[in-house]
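Comments concern the structure below.
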Amino acid sequence: MMDLSFFIALAMFAFVTSITPGPNNIMLLASGAQFDFRRTLPHMIGIVMGVATLLLSVLLGLGTLFALYPPLYDVLKWIGCGYLLWLAWKIGSAPVGDFENQKAPSSPMNWWQALLFQYVNPKAWMMAIGCVSTFAIAGDLYAQSGFWMIVLFAAVGFPAISIWAWAGVRIRQWLTDQKRQRIFNYGMGIATASTLLLIVGH
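In this text, residue positions in the sequence shown follow my numbering: the first is 3, and each later residue adds one.
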């Protein structure tokens, strides 16, 4: 039987894993600063949808493939590393200038790109596998506990990651000249690349 302590613990797990630094949140910070909060909303929605589908995949048994065939996780890890390096370069080399009248082709990540990114984001996989292995209740309550995992991760995760996009918007007010913009872009590119340390270390 699921009691209040189950929901509190699950909500805390969702909040902590969603708000801590990682590829998603670093990119949201950069996107908020470069494109504003409204244009970053599809990115945030895609993250929430991607995590939900990951949780569903693990609940349905896809996560057991990593336990049965560990090399699959290594392949995923290195694909994710390569993609993160590409994203870090894109962020670091983003054009600078007048935010409001910028004519550059640079654009924020859309919802389906953010959703698909979760499948090559090892932190998201670790989060999903850790959540299911910790909170799934075997037997008759398995589907119900899985349902609440998905619901609470969406309900708690979206506000948590929104904080990073909002922080980016606040930083945007400081980026009043091209030199500061360029420094910020370089810093965010380096920060995105540095998340590889978290990935490779697991």
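Every residue gets a Cβ at the ideal spot worked out from N, C-alpha and C, and that includes glycine.
Quiz prompt | Status (buried if at least 16 other CB within 10 Å, exposed otherwise) for residue 26 | solution = Classification of residue 26: buried, given that the 10 Å Cβ count is 16 or more.
Self-check item: Secondary structure of residue 15, DSSP reduced to three states
Solution: Three-state result, residue 15: helix.
Quiz item: For residue 24 versus residue 92, is the C-beta spacing smaller than 9 Å?
Solution: No, the pair does not count as a contact, with Cβ atoms beyond the cut-off.
Quiz item: For residue 106, which residues of its own chain have a beta-carbon under 6 Å away from its beta-carbon, when the five flanking residues on both sides are left out?
Solution: Caution applies to residue 106, whose pLDDT of 44 falls short of 50 and renders its modelled position unreliable; the model cannot decide the point.
Quiz item: Any chance the stretch 12 to 24 sits against the stretch 136 to 156, with 3 or more Cβ pairs inside 8 Å?
Solution: They touch, by the three-pair rule.
Exercise. Under 8 Å by Cβ, that's how I've got residue 117 and residue 51 pegged, so tell me the actual separation to the nearest angstrom.
Key: With a Cβ gap of about 5 Å, residue 117 and residue 51 count as contacting.
Exercise. For residue 80, name the three-state secondary structure that DSSP assigns.
Key: Residue state, collapsed to three classes: helix.
Quiz item: Would DSSP call residue 145 helix, strand or coil?
Solution: DSSP places residue 145 in helix when its eight states are reduced to three.
Quiz item: Around the Cβ of residue 183, are there at least 16 other Cβ atoms within 10 angstroms (buried) or fewer (exposed)?
Solution: Looking at its Cβ environment, which holds 16 or more other Cβ atoms inside 10 Å, residue 183 is buried.
Self-check item: Sequence-distant residues of its chain with Cβ nearer than 6 Å to residue 104 (five each side left out)
Solution: Only weak support is given to the placement of residue 104: the predicted model assigns it a pLDDT of 49, under 50, and the value that follows is read from those uncertain coordinates. Same-chain partners within the cutoff: there are none.
Self-check item: Presumed contact (8 Å Cβ cut-off) between residue 45 and residue 30, rounded CB distance
Solution: Between the beta-carbon of residue 45 and that of residue 30 there is about 6 Å, and that keeps the pair under the 8 Å contact cut.
Quiz item: To which residues of the same chain is residue 160 closer than 7 Å at the C-beta, ignoring the five residues directly before and after it?
Solution: Scanning its chain for C-beta atoms nearer than 7 Å, with the 5 sequence neighbours on each side dropped, one finds around residue 160 the residues 46 and 50, in chain order.
Self-check item: DSSP state of residue 178 mapped onto helix, strand, coil
Solution: Three-state DSSP puts residue 178 in coil, outside helix and strand.
Exercise. Can you tell me the Cβ-Cβ gap for residue 78 and residue 127, rounded? I've got them flagged as a contact below 8 Å.
Key: Their Cβ separation, rounded to whole angstroms, is 7 Å, which keeps residue 78 and residue 127 in contact under 8 Å.
Quiz item: Among the residues of its own chain, which have a CB less than 6 Å from the CB of residue 111, if the five just before and after it don't count?
Solution: 45, listed in sequence order.
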